[in-house]
Structures are given as C-alpha cells and as structure tokens.
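Respectively, the protein sequence lines represent chains A and B. Every number in the numbering used here is 31 more than the matching position in the first sequence, counting from 1. Every number in the numbering used here is 11 more than the matching position in the second sequence, counting from 1. C-beta: ideal position from N, C-alpha, C; glycine also. Nothing here was measured: the structure is a model prediction, and the numbers come from that model. Have a look at the structure below, then the notes.
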Amino acid sequence: MKSLLAFVVALLSGILFGAGFFLSGMADPAKVIGFLDLTGLFDGRWDPSLMLVMAGALAVYLPGFHFLVKPRLAAQAAPLAAQSYHLPRRTRIDRRLLSGSALFGLGWGIAGICPGPALANLGSGSLSVLLFVAAMLVGIKTGCALKPREATPESVQAN
Amino acid sequence: MNALFGGMLIGFAALILMLVNGRIAGISGILTGALKPRPGDGWRFAFLLGLIGSGFTLTTLGWVTRPELTTSTPLMLIAGFLVGLGAYLGNGCTSGHGICGLGRLSTRSLAATAVFMATAVLTAILFHG
C-alpha cells in the first residue's frame, strides 16, 4: 500500500512540476533568456517575471519544509510512504560543487533550458529538445565516468 | 501572476515528494538515479513519466503553446552536454539547489545557485545580449 502511495505521489509530483514549468514560463527558453539577459535592463526588454517562479516555489517549499518536514526529522519519524528521508549530508562548499555549477550555468545561459523544462518539453515532439536531452544524458554519463556516482547525489539520512 | 502561481505549483510538487517519499525533487538527481536504477528506485520513473507526460498532454491538448526554439542544433548539443555534466558534478540544478536546497537553507545550495545564476546571466548576455 505504501509503495503504491509513493508511486502515485511521485507521478503526481512530476505532473505538477510539468504544469508548473509551462504555467510559469520556465518551459519557454525565449522567456528564460529574456530574464537572464540583463542587457534588456537598458532598453526595456528585460523580463523580470521569472523571479516570481523561484519566489513562489520557495514561498511554499521553505515553510513547508521547516514546519512539516523538520519536526519529523527531529522526531526521527519516517516519511509518509518511505523508509527514510534522503538528504545530502555534505556541507563543504568545494571546487567540484562550484565548477559543476559554473558549467551548468554556462549551458543554461546558452539555450535557456535546464533539466526540468527540457524533459517537460520532450513531449512536444521537437527534435531540437530531443537532441538537447540526448546531449544532457551524455553529459551526465560523462560526469559519472569522471567522478563515480557513489560519492554523489544523495546519501541516506539514517532515521 | 502566472509565474508566481506556476512557481507555487512547483514548490508544492517538490514539497509532497519530500513529505511522502522523503526525496529531494531535483530533476537532474532523479534522472541520474534513473540511468542506473537500484532497488526501490521505481518512484524515479513514476516522477519522470509524470513530468514528460504532462508536457506531452498539455501541448497536445493545446492548453499551452509549444515554445519556439531558436537555438541552433550545434549550440543545443553543447548546451545540453554542459547542463548535464554541470548538474552532475555540481550535484544539482535549478530545482534541486534553487528550490529544494534554498528551501532547506543549505549553504552548499546557496553557493551553487549563486554561481550558476551568475554564469547563466553572463553567458546569456554574451550569446543573446
């Protein structure tokens, strides 16, 4: 029963993410570029609306995490439908984090597409997006080859 | 206003994944894990199915307009590669660091978000300004 709930909620979360990307404008690369390209500030082309995407997301996630999740972590309780919370344990800001983020920003600034909107746009049948996603997978695989995954995404927080 | 509501929808989607599945809703992390699945990774595929499926459904039904893509193919390939490699090495992307990480008040995510926002702005100015 619990694994079914976990599956359904993950599906729902993915659906809502996709809808959120399209509703907010994050799925539109031209809009993202119009936000990132600050030269628009000087001739009135700048589109600041995407700042509201992060603001809106944080307005929900930040209090939600602090008032709903943190007390459960402190009480060593499990998530509603899983064994344990998976949260990163590393706290050090190292060269790998910074250089990876710099490369990510470089790619994002060129095309105006980050991983979520790339996947949400896959279904629109655009060959261009398909190539982007294929190259993104090659990028991830290249990263795996350079630095093994064991030390990466999330480590289990024992609860 | 749509940007704000869309953002809130994204925040809600990320929150339920943490509350119910105990997972950080970082798209690049979910995707990376799905490339080499381990036992108990089924939720990753459910999430990705929902994400790709909702984009497909919304554009097919015509509820949202298909975005216009003007970036040339070689640049799309380079950008995609950099986004994938960078998100992997940096342990996260716009969703994982920018929303979930900042929402947890993680200093690593704050540093990552500051760096990728800065390089993205500089790159966008260079390529599109």
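### Message
So A:D68 contacts chain B; which residues on that side make the cut at Cβ distance below 9 Å?
### Response
Ordered by position in chain B, the residues that pass the 9 Å Cβ test against A:D68 are V132, A135, I136, F138, H139, G140.
### Task
Leaving aside the five residues before and after B:A69 along the sequence, list all residues of the same chain whose C-beta is less than 6 Å from its C-beta, in chain order.
First, the residue type needs correcting, since residue 69 of chain B is Leu and not Ala in the sequence shown. Sequence-distant partners of B:L69 (beyond 5 residues in either direction) whose C-beta falls short of 6 Å from its own C-beta, in its chain, are V75.
#### Entry: Presumed contact (8 Å Cβ cut-off) between B:G95 and A:V160, rounded CB distance
Wrong, their Cβ atoms sit about 14 Å apart, outside the cutoff.
#### Entry: Cβ contact check for the region 20–35 of chain B and the region 44–62 of chain A: 3 or more pairs under 8 Å
The region 20–35 of chain B is in contact with the region 44–62 of chain A.
#### Entry: Candidates B:L93, B:T84, B:A36, B:A123, of which the one nearest A:L43 by Cα
With distances taken between CA atoms, A:L43 lies nearest to B:A36 out of B:L93, B:T84, B:A36, B:A123.
### Query
When the Cα atoms are used, what is the spatial distance from B:R34 to A:L118?
Distance between the alpha carbons of B:R34 and A:L118 is about 7 Å.
### Listed by chain order, chain B residues near A:W77 by CB distance under 7 Å
Neighbours of A:W77 on chain B: none; closest Cβ ~11 Å, over 7 Å.
### Message
At the level of alpha carbons, what is the spacing between A:G138 and A:W77?
### Response
Our two residues, A:G138 and A:W77, have alpha carbons roughly 20 Å apart in a direct line.
### Residue burial classification, A:L35 (beta-carbon count within 10 angstroms, cutoff 16)
By the Cβ-count criterion, A:L35 is exposed, with fewer than 16 other Cβ atoms from all chains shown falling within 10 Å of its own Cβ.
### Query
Thinking C-beta only, is A:G147 closer than 8 Å to B:I38?
With respect to A:G147, B:I38 sits close: the two C-beta atoms are nearer than 8 Å.
### Message
Nearest by alpha-carbon distance to B:G17: which of A:K33, A:L54, A:L99 is it?
### Response
The shortest C-alpha separation from B:G17 is found at A:L54.
### Query
Going along chain B, which residues have a C-beta under 8 Å from A:L72?
Neighbours of A:L72 in chain B, taken as residues at a C-beta separation under 8 Å, are lacking, since the least C-beta distance is about 10 Å.
### Task
Tell me, please, whether the CB atom of B:L62 is closer than 8 Å to any CB atom in chain A?
It does; some Cβ of chain A falls within 8 Å.
### Task
Can you give me the start and stop residues for the alpha helix (DSSP H) that A:S198 sits inside?
No answer is possible for residue 198 of chain A: it lies beyond the span of chain A, which begins at 32 and ends at 190.
### Query
If we ignore side chains and look at the alpha-carbon of each, how far apart do A:A109 and B:T124 end up?
Taking the CA atoms as reference points, A:A109 sits about 29 Å from B:T124.
### Task
Would you kindly work out how many angstroms separate the C-alpha atoms of B:L30 and A:P102, rounded to a whole number?
B:L30 and A:P102: Cα-Cα distance of roughly 11 Å.
### Task
Can you tell me which of B:T43, B:L20, B:L28 puts its alpha carbon nearest to the alpha carbon of A:P179?
Of the listed residues, the one whose Cα sits closest to A:P179 is B:T43.
### Task
Assign B:R49 to buried or exposed, taking buried as 16 or more other Cβ atoms, counted over all protein chains shown, within 10 Å of its Cβ.
Looking at its Cβ environment, which holds fewer than 16 other Cβ atoms inside 10 Å, B:R49 is exposed.
### Message
Residues of chain A with CB closer than 7 Å to the CB of B:R49, please, in chain order.
### Response
Result: empty, since nearest Cβ-Cβ is about 10 Å, beyond 7 Å.
### Message
Using C-beta distances below 8 Å, list every residue in its chain close to B:L113, excluding the 5 sequence neighbours before and after it, in chain order.
### Response
Result list for B:L113: S120, L121, T124, in chain order.
### Message
Using the three-state DSSP reduction, which class does A:L89 fall into: helix, strand or coil?
### Response
Here A:L89 sits in helix by DSSP.
### Query
Exposed or buried, what is B:M4 when buried is set at 16 or more other beta-carbons lying within 10 Å of its beta-carbon?
Residue 4 of chain B lies beyond the residue range present for chain B, which begins at 12 and ends at 140; the question has no answer from this structure.
### Message
Can you check which of these residues, A:M57, A:C145, A:C175, is closest to B:L100 by C-alpha distance?
### Response
Taking only the C-alpha atoms, the option nearest B:L100 is A:C175.
### Query
So does the region 152–159 of chain A actually touch the region 57–73 of chain B, counting three or more Cβ pairs closer than 8 Å?
Result yes; three or more Cβ-Cβ pairs closer than 8 Å.
#### Entry: For A:S130, the first and last residue of its enclosing alpha helix (DSSP H)
A:S130 -> alpha helix (DSSP H) spans 126–142.
### Query
Given a threshold of 16 other Cβ atoms within 10 Å of its Cβ, counted over all protein chains shown, does A:D125 qualify as buried or as exposed?
Here A:D125 is exposed: its Cβ has fewer than 16 other Cβ atoms, across all protein chains shown, within 10 Å.
### Residue span of the alpha helix (DSSP H) that contains A:V100, given as start and end
Membership of A:V100 in any alpha helix (DSSP H) is not indicated, and neither H nor E is assigned to it by DSSP.
### Query
Buried or exposed: A:A106, going by 16 or more other Cβ atoms within 10 Å of its Cβ?
The Cβ neighbour count for A:A106, taken over all protein chains shown within 10 Å, is under 16; the residue is labelled exposed.
### Query
By the criterion of Cβ-Cβ separation under 8 Å, what are the contact partners of A:M32 in chain B?
Neighbours of A:M32 on chain B: none; closest Cβ ~13 Å, over 8 Å.
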